[in-house]
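2 protein chains.
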Amino acid sequence: MAKINFQDKFAKFSEHWTPKVIAEMNDYQFKLAKVKGEFVWHNHRDTDEVFIVIEGCLKIEFADKTIELNAGEMYVVPKGLQHKPYSDEECKILLVEPKGVVNTGEAEGELTASNDVWI
Amino acid sequence: MAKINFQDKFAKFSEHWTPKVIAEMNDYQFKLAKVKGEFVWHNHRDTDEVFIVIEGCLKIEFADKTIELNAGEMYVVPKGLQHKPYSDEECKILLVEPKGVVNTGEAEGELTASNDVWI
Numbered sequence: 236m237a238k239i240n241f242q243d244k245f246a247k248f249s250e251h252w253t254p255k256v257i258a259e260m261n262d263y264q265f266k267l268a269k270v271k272g273e274f275v276w277h278n279h280r281d282t283d284e285v286f287i288v289i290e291g292c293l294k295i296e297f298a299d300k301t302i303e304l305n306a307g308e309m310y311v312v313p314k315g316l317q318h319k320p321y322s323d324e325e326c327k328i329l330l331v332e333p334k335g336v337v338n339t340g341e342a343e344g345e346l347t348a349s350n351d352v353w354i
Numbered sequence: 236m237a238k239i240n241f242q243d244k245f246a247k248f249s250e251h252w253t254p255k256v257i258a259e260m261n262d263y264q265f266k267l268a269k270v271k272g273e274f275v276w277h278n279h280r281d282t283d284e285v286f287i288v289i290e291g292c293l294k295i296e297f298a299d300k301t302i303e304l305n306a307g308e309m310y311v312v313p314k315g316l317q318h319k320p321y322s323d324e325e326c327k328i329l330l331v332e333p334k335g336v337v338n339t340g341e342a343e344g345e346l347t348a349s350n351d352v353w354i
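These protein sequence lines are chains A and B, in that order. All you need for my numbering is the position in the first sequence, starting with 1, plus 235. All you need for my numbering is the position in the second sequence, starting with 1, plus 235.
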């Protein structure tokens, strides 16, 4: 395989809330996404989910608090926990989760993205 | 859990080639390491291994090539593949691998670090 450069990969797409797979490790995937505005409340019943901010600022709302992640910061959302990511300005993030995880979890709808889309 | 800031965590240790756990996702761990100089040839028989460079430049030598990773770049070393990381200057990296993986794989020795050390 070739090495992966995050900014080169980000240059390949512009839409928001549509994670793109850039690498697989065992049965886990690394995905890049550009996000802006409000996502939906959802959870992932069977898995934790890792958010790493590459550029910009991501907020994640939980029932009892809101966290703010800037570039160089990460957070592990525990499995089953309801959360809603949002971002005032465009933010570039790296997600790590098992292969097959759907972005909106159990909350299928308009923002549900196609899965396993590689760039 | 609290959010994790990579540079805050890097400020907590100075030794080289001793990965420190900063987060767990399911049965996987995220580890930070500072590296400088030569590591040992080794492989991980049962798992792929992800390297992400946070700061500096990491080289990874394989039997047939050497790759160079700079900040914002990642690489997946396939399971079982012999490799030797090295770095001319200090480099800060993020590793992702299953819980329990030993840094030197099958090549236990002087550079084998204690496992599951959290910061």
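Ideal Cβ positions, reconstructed from N, Cα and C, are used throughout, including at glycine. Note that this is a predicted model, so its numbers are computed, not measured.
What would DSSP say about residue i, mapped onto helix, strand or coil?
i      : result
B:D323 : strand
B:F274 : coil
A:F248 : coil
A:Q228 : No answer is possible for residue 228 of chain A: the residues shown for chain A start at 236 and end at 354.
B:E345 : coil
A:H279 : coil
A:L316 : coil
From which residue to which residue does the beta strand (DSSP E) around residue i run?
i      : result
B:K294 : 292-296
A:V337 : No beta strand (DSSP E) holds A:V337; DSSP gives it neither H nor E.
A:K255 : 255-260
A:I354 : A:I354 -> no beta strand (DSSP E), and no H or E assigned at all.
B:E303 : 301-305
A:M309 : 308-312
Starting from the C-beta of residue i, find all residues in its chain whose C-beta is less than 6 Å away, skip the five residues before and the five after it, and write them out in chain order.
i      : result
A:F241 : I289
Using a Cβ cut-off of 7 Å, pull out every chain A residue sitting near residue i, in sequence order please.
i      : result
B:F248 : By Cβ distance, chain A contributes nothing, its closest Cβ being about 17 Å from B:F248, past 7 Å.
B:Q242 : G307
Tell me which same chain residues have a C-beta within less than 8 Å of the C-beta of residue i, skipping the five on either side of it?
i      : result
B:R280 : K314, G315, G340, E341
A:E259 : F265, K334
In chain A, which residues lie with their C-beta within 9 Å of the C-beta of residue i?
i      : result
B:I354 : Simply none; closest approach about 14 Å.
B:A348 : Here the premise fails: no neighbours, minimum Cβ distance about 20 Å.
Chain A partners of residue i, CB-CB under 8 Å?
i      : result
B:K319 : What B:K319 touches in chain A: nothing, since even the nearest Cβ is about 16 Å away.
Chain B contacts made by the segment 260-288 of chain A, where a contact means CB separation under 8 Å | Those would be M260, N261, Y263, F265, T282, D283, E284, V285, in chain order.
Short-range partners of chain A found in the segment 292-310 of chain B, where Cβ spacing is below 7 Å = The residues in question are I302, L304, G307, E308, M309, Y310.
Report the residues of the segment 323-344 of chain A with a CB closer than 9 Å to any CB of chain B, ordered along the chain.
-> From the segment 323-344 of chain A, only L329, V331, E332, P333 have a Cβ closer than 9 Å to chain B.
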